[in-house]
Structures are given as structure tokens and as C-alpha cells.
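Colleague: I have a structure I would like to understand better, so I am pasting it below and will then ask my questions one at a time.
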Amino acid sequence: MKRWLLPLVMIVLMLSGCGATLESSDSEGTNDAATEDLGTDVDQAGEDSDQAQNEVNNESSENEAATDTAVNDDITDTGETSTEDTNPIEASGNMTVHFIDVGQGDSILIETASGNVLVDAGNWNGRAVIDYLNRRGVTHLDLMIATHSDADHIGQMPLILDALTVDEVWMNGVESTSKTFENTINLIMEKDIVYYEPEVGDGIDFGDVAIDVLGPITKTNDANKDSIVTKVTHGTIDILLTGDAGIKEEATMINQFGTGLQSEILKLGHHGSNTSTSAAFLETVKPEAVIISASEKNSYGHPHEEVVARLIKAGVDVYQTSQHGDVVFQSDGQKLKLIEANDYPTTPVVTKDDSTNETKEDTTVAPPVQSPAPDAQADDTTNKQDVQSGACVDINTASKEELMTIIHIGEERADQLIKLRPFDSVDQLTRIKGIAAGRLKDIKTENKACVR
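Dropping the structure here:
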């Protein structure tokens, strides 16, 4: 497989010690933010998603009707599921796949007889992943895949890269201004770890386990849209991991791969957000079980009601880390066996917002930790302004009329802002169409907009 080292410009930036921040596509070039960017985790169910949904709408309406016949109860009733492949590929050993309960984030450990792979590394403000690896006795990773650079996917990479030996790291090439991202890149360089930005068609084998890259087919320099999508194959068993890829990207993969997307297990895109998991995609993949990796009562409302309705109609087994904790499957190449979960699959719980749009506290109970994550104190993702009551317009709770008193926020942008709530910082206003670095600077200079 083709390999290359970090681009020269990144090496110069990191080695110069000048403190320059890397360009972030979310801020359209601004380097004002020095804190964690949870950026694209704020749901963007706007223009792109609407357009993509229209593209697959006709197909979706037909496919939703067909899903009623796709119910498979094997995993629910017996803990095993058989495939129907008449020419099974021989598998010499077992593969164990761990969907780790990291709260609001993703992390999947794949253990094979020939090597260990970690896909994503949870959120930046915890230790769930490194503690899980320690409990499993994992001291070496042959490959780490960061589906994208959001802090709820690469959060504990610095901890892991510092504590374990890692042979190779795959990332999608979309940069971030977060300290976690910079620390990750620094450690990759410091430890001389092989760095690679995979393309569709790339793949790697670990004995009888194959990992193939299915996305992104078209790169946009958007963290979520460019999520690395992988299909893990062990004999006749397939597991599809989609990061935070959206509906438009799902439609592109349907056109490219068709039935080649079919998998026994699907890690639901974007934590169960309605920006992912279209009816057409669900029908094409035809999973027997899906995993929703999200925290209980999260402020994003994951999983969304529309997605839950599709899952119920499709009759798939649903495992939700907020309910089932760590979910672990084992494959012998022909059958899947559930070997760990707090309970059998249940109807997913929809997180409903209350009458306000305020960000709710993540109530997920984390395992005991020995020491805090290195960025837990320094990297405050909220970047909230220190304001007194009544001294600012809180963009998460203000009325439309109040929002329109902020510079550059007219009626249309106020509507967009309300739709995109909640925001973790004023910097995230760049998600509103027409607000880029220049207008964001004006808003911050006015010092009226804030997040309490």
C-alpha cells in the first residue's frame, strides 16, 4: 500500500515552535480559537442534508416499504447470526469487535489474531478508551484510524499515542485548530509513526481480517463529510463503520458500491443524528444489528426520532451505548456472537429536549480514573465568555428578536441560528451561511453575542 509522511507544511508548522495554529475548515481560515472545536458535532440538517435527502427521496420511499420483510431475530434470541453466503471465505481464528462506551463520541477496538486496530478514540475530556485498553491488556496497536478530526473522535489519541506503541495512523487530512489535534500530530511526528491519508480502494489485511476504505468518495475539506468509512470483513461477516458521514455521502456510496455495502453490523452515522442513516442507506446495508454511540440525555438529541423510526420499521437489533454500555461481538468468520452488553437489544431511547435550548449536562457515569486527561483543564471546548447576567445575548436561549440585535444577524440568519442550536461557542457561528471569518470577527468585536 502506498504510504507518505505528513505534508511538509505541517512539519514546518509543528517543528518551528512558533505557536501557529492549523487552518480549520469550520472557521474558514480564522485562527482566533485556541480551544477544542467540537465543530461539526452540532447538527447541520440544513441545505446539504435537504439536498441529499431529495436525491435519495424517491428511492427511500420505496425502500422503507421493503424493510418490513428484513427483520432478523438471530442476534436478539440466540446471540448468534448466520450468513447466507454459499461460498464462505475461510477464517482461521476469531475476531472480537468492541464498541466502547465513551459517552458522546466513538471508539471501536478490533482485535484479531494478527493485530489490533482502534477506530476513533472517544472524547477529549475523558479516559474511557485508554482505561478500556489498559483493562484489556492492550499495549500495542498495529493501526489507529481517526475517521475525522472532531474532538469526540480523536479526543484520547494523545493519551494513547503516548502510552502505547502504535505502528501506523490513518487520518482524513482535514485539519483542526484544537489542541488535541495539534498534540496528536506532534506525537505522530515525535514517535516517527507512519502517517497515511487513505483513499477509496485502499485496504489492509490482518490475517483473515480485511479492512477496506469505502469513503470519502469525494473530498470536501469538511470534517464530517470527509469521514473515513471502513468495512471490516472476516469470512462472511461484515461490519460497516461510517464515522460522521452524512446522507449525501451515504447516497454517493450507494451509487458506488450498491449491495457491496451490505453488512451484519452498522455503526450508526453521527451518533444517530438525522443528518445520517437515510432510509435508502439502511435498506442497502441491510444490517442485522446497529450500534448507536452516544451519551444519555446528550444536548444534541441523539438519536433523533426520524432515525429511530427507521430502525424500528427495519426490525434491526439496536444497541445503544448509553443503555447497554460496552457492546462486544465475536466472529468466527461465519457467525457473530454477542459476548458483552448490559442487556439484550432494546428499543432505542430518543433524547428529547426540554422547553429551552440550553445545553444539558452529560450525565453518563464514567469509570474511575487514576489521573485526568492532559487536556481536561487546559482545553475548555466551550470557549464561553465570562459574562454577567443580562450583559450579553446568549445565542443558545435568546429569542429571534434578541438575536437580530447582534451585528450581521438578520431574520434569515436568526432562523438558521435557532435551527442549529445548541452552540458550544460564539466561534461556531461560522456554521451559519454567510458568516465567515470577517463577520465572525465583527460579532466578537461587538461583544454582544455569548454562550453562558
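With this note's numbering, the residue at position 223 of the sequence shown is 239, and numbering never jumps. Each residue gets a CB set at the ideal place from its N, CA and C atoms; glycine is no exception.
(1) Evaluate contact between the stretch 322–333 and the stretch 342–350, counting only Cβ atoms and requiring at least three cross-stretch pairs below 8 Å.
(2) Under the three-state reduction of DSSP, which class applies to ALA465: helix, strand or coil?
(3) Roughly how far, in whole angstroms, is the beta-carbon of HIS481 from the beta-carbon of HIS318, given that I think they are within contact range, below 8 Å?
(4) Take the Cβ of LYS416 as the centre, count every other Cβ of all protein chains shown within 10 Å, and call the residue buried at 16 or more, exposed below.
(5) Mind checking LYS241: buried by the 16 CB within 10 Å criterion, or exposed?
(6) Using alpha carbons as the reference points, say which of ILE255, LYS435, ILE422, TRP140 lies closest to ILE124.
(7) Between ALA167, ALA261, VAL409, ALA357, which lies nearest to SER192 when the distance is taken from Cα to Cα?
(8) How many whole angstroms separate the CB atoms of GLY223 and ILE244, which I take to be in contact at a CB cut-off of 8 Å?
(9) Here's the rule I'm using: 16 or more other beta-carbon atoms within 10 Å means buried, otherwise exposed. How should ILE355 be labelled?
(10) As an exercise, report each continuous alpha helix (DSSP H) stretch of at least 4 residues that is fully enclosed by the stretch 137–182, in chain order.
(11) So what does DSSP say about VAL334, is it helix, strand or coil?
(12) For LEU492, write down the residues that DSSP places opposite it in a beta bridge.
(13) List in chain order: all unbroken beta strand (DSSP E) runs of 3+ residues lying wholly within the stretch 262–308.
(14) DSSP three-state label for ARG455, please.
(15) Using CA coordinates, which residue listed in HIS320, ASP117, GLY274 is at the minimum distance from LEU149?
(16) Between TRP186 and ASP178, what straight-line distance do the alpha-carbon atoms span, to the nearest angstrom?
(17) State the CB to CB distance for the pair GLN350 and GLY276, rounded to an integer number of angstroms; the pair is presumed to be in contact (CB under 8 Å).
(18) For the beta strand (DSSP E) that contains ASN132, what are its first and last residues?
(19) Out of VAL113, THR291, MET111, ASP122, which has the shortest C-alpha to C-alpha gap to SER338?
(20) My parser needs the beta strand (DSSP E) runs of 3 or more residues fully inside the stretch 233–259; what are they?
(21) Measure from the alpha carbon of MET160 to the alpha carbon of each residue in ALA305, THR181, ARG143, then state which is nearest.
(22) Relative to the C-alpha of ALA2, which residue among CYS466, ILE281, GLN120, ILE451 is closest?
(23) HIS164: which of ALA261, LYS435, ILE220 sits nearest, CA to CA?
(24) For the beta strand (DSSP E) containing PHE115, name the first residue and the last one.
(25) In the structure shown, what three-state DSSP assignment does ILE448 receive?
(26) Hey, would you say GLY219 sits closer than 9 Å to THR258, going by beta carbons?
(27) I need the DSSP call for ILE209, collapsed to helix, strand or coil.
(28) Just reading off the beta strand (DSSP E) that ALA430 is part of, what are its end residues?
(29) Based on the DSSP output, what are the partners of VAL323 in its beta bridges?
(30) Within a Cβ cutoff of 7 Å, which residues of the same chain sit near HIS424, ignoring the five residues on either side of it in sequence?
(31) Using CA coordinates, which residue listed in THR291, TRP140, GLU280, HIS169 is at the minimum distance from VAL301?
(32) Among ALA305, ASP228, ILE233, which has the Cα closest to the Cα of GLN336?
(33) Where DSSP assigns a beta bridge to VAL229, which residues make up the other side?
Modeller: In this structure, then:
(1) no
(2) strand
(3) Because the chain spans 17 through 468 in this model, residue 481 falls outside it and cannot be assessed.
(4) When all chains shown are included, LYS416 counts as exposed.
(5) buried
(6) Among ILE255, LYS435, ILE422, TRP140, the Cα nearest to that of ILE124 is on ILE255.
(7) ALA167
(8) Separation of the CB atoms of GLY223 and ILE244 is rounded to 22 Å, and the pair is thereby denied contact status at 8 Å.
(9) exposed
(10) The qualifying runs are 144–152, 173–179.
(11) strand
(12) Coverage of the chain is limited to positions 17 through 468, which leaves residue 492 absent and any answer about it impossible.
(13) List check, beta strand (DSSP E) in window: 281–283, 305–308.
(14) helix
(15) ASP117
(16) 17 Å
(17) GLN350 to GLY276, Cβ: 19 Å. No contact.
(18) Boundaries of the beta strand (DSSP E) harbouring ASN132: 131–135, taken from the DSSP string.
(19) ASP122
(20) 245–250, 253–257
(21) THR181
(22) What is shown of the chain runs 17 to 468, which leaves residue 2 out entirely.
(23) ALA261
(24) Unbroken beta strand (DSSP E) run through PHE115: 111–115.
(25) DSSP places ILE448 in coil when its eight states are reduced to three.
(26) no
(27) Residue state for ILE209 is assigned as coil, using DSSP reduced to three classes.
(28) Here ALA430 belongs to no beta strand (DSSP E); instead the alpha helix (DSSP H) covers 427–436.
(29) Bridge partners of VAL323: none, in fact.
(30) Listed in chain order, the non-local C-beta contacts of HIS424 below 7 Å within the same chain comprise ILE451, ARG455, ASP458, ILE459, local neighbours out to five positions each way being set aside.
(31) GLU280
(32) ALA305
(33) THR246
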